[in-house]
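For reference, the structure discussed in these notes is given below.
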Amino acid sequence: MCCIVAGSVHDYTLMKDVFTPGSAWFEKVNLWLDLGFLGADKDYQSTQIYLPHKKPRKSKKNPNPTLTPEQKKQNRKQAATRVIVEHAIGGMKFLHCMMHRIRNHLGHFVDYFFSLSAGLWNYRIC
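As structure tokens, then:
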């Protein structure tokens with residue numbers, strides 16, 4: 001599978017395709033994921049995975065579901081870290097070749113576009 005795919009492909013599906021569960025891809029790193037990756041902690045058990053706390057569902061027993069203040073604090077800490085990464089990805093899209101389909105048949109050409117946009121974004125924020 002190519003490293004750059006259409007936006008309609010779900011992030012967790014793409015992760016499972018590229019990094020097969022049960023393999024030793026993430027043994028030595030910590031993964032900070034968002035709620036789009038629910039279930040990753042079950043598929044990648046040998047990895048330390050940090051997921052935000054999900055708000056409980058509303059029910060008759062729990063008519064006002066809320067997170068505890070500690071859970072909210074942890075979620076904010078994770079979001080503050082994640083927003084830096086999301087801004088970097090968005091910043092790379094200033095180079096419009098990363099936003100549109102690349103109609104080139106050279107496989108390494110896509111990697112050049114990605115490296116170029118990452119380098120330009122890094123140069124801009126320095």
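Heads up, the sequence shown is in UniProt numbering, so the first residue is 1 and it goes up one at a time.
Virtual Cβ for every residue (Gly too), placed ideally from N, Cα, C.
Only a predicted model underlies this, so the values are computations on that prediction, with no experimental measurement involved.
Counting only unbroken stretches of 4 or more residues, the alpha helix (DSSP H) elements lying wholly within the UniProt domain "DDE Tnp4" (37–122) are 40–43 and 69–92, in sequence order.
For L14, the uninterrupted alpha helix (DSSP H) segment begins and ends at D11 to V18.
Taking one beta carbon from each stretch, the segment 109–121 and the segment 76–96 have 3 or more pairs nearer than 8 Å; the two touch.
Setting aside the 5 residues that flank it on each side, F37 is surrounded in the same chain by Y12, each with a C-beta closer than 6 Å to its C-beta; the list follows chain order. Note that the C-beta distance between D34 and K16 is not below 9 Å. Here the C-alpha atom of H108 lies approximately 21 Å from the C-alpha atom of N122. Residue pairing by DSSP places W32 opposite Y50 in a beta bridge. Taking C-beta atoms as the reference points, P56 and Q74 fail to come closer than 9 Å.
Sixteen is the threshold: when 16 or more other Cβ atoms of the shown chains lie within 10 Å of the Cβ of A40, as they do, the residue is buried. Nearest in C-alpha terms to P21, of all of A80, F113, S46 and H105, is S46. In this structure, P65 places its C-beta atom within 9 Å of the C-beta atom of K58.
Cβ-Cβ distances below 7 Å link K54 to L35 in the same chain, with the five nearest sequence neighbours on each side left out; the list follows chain order.
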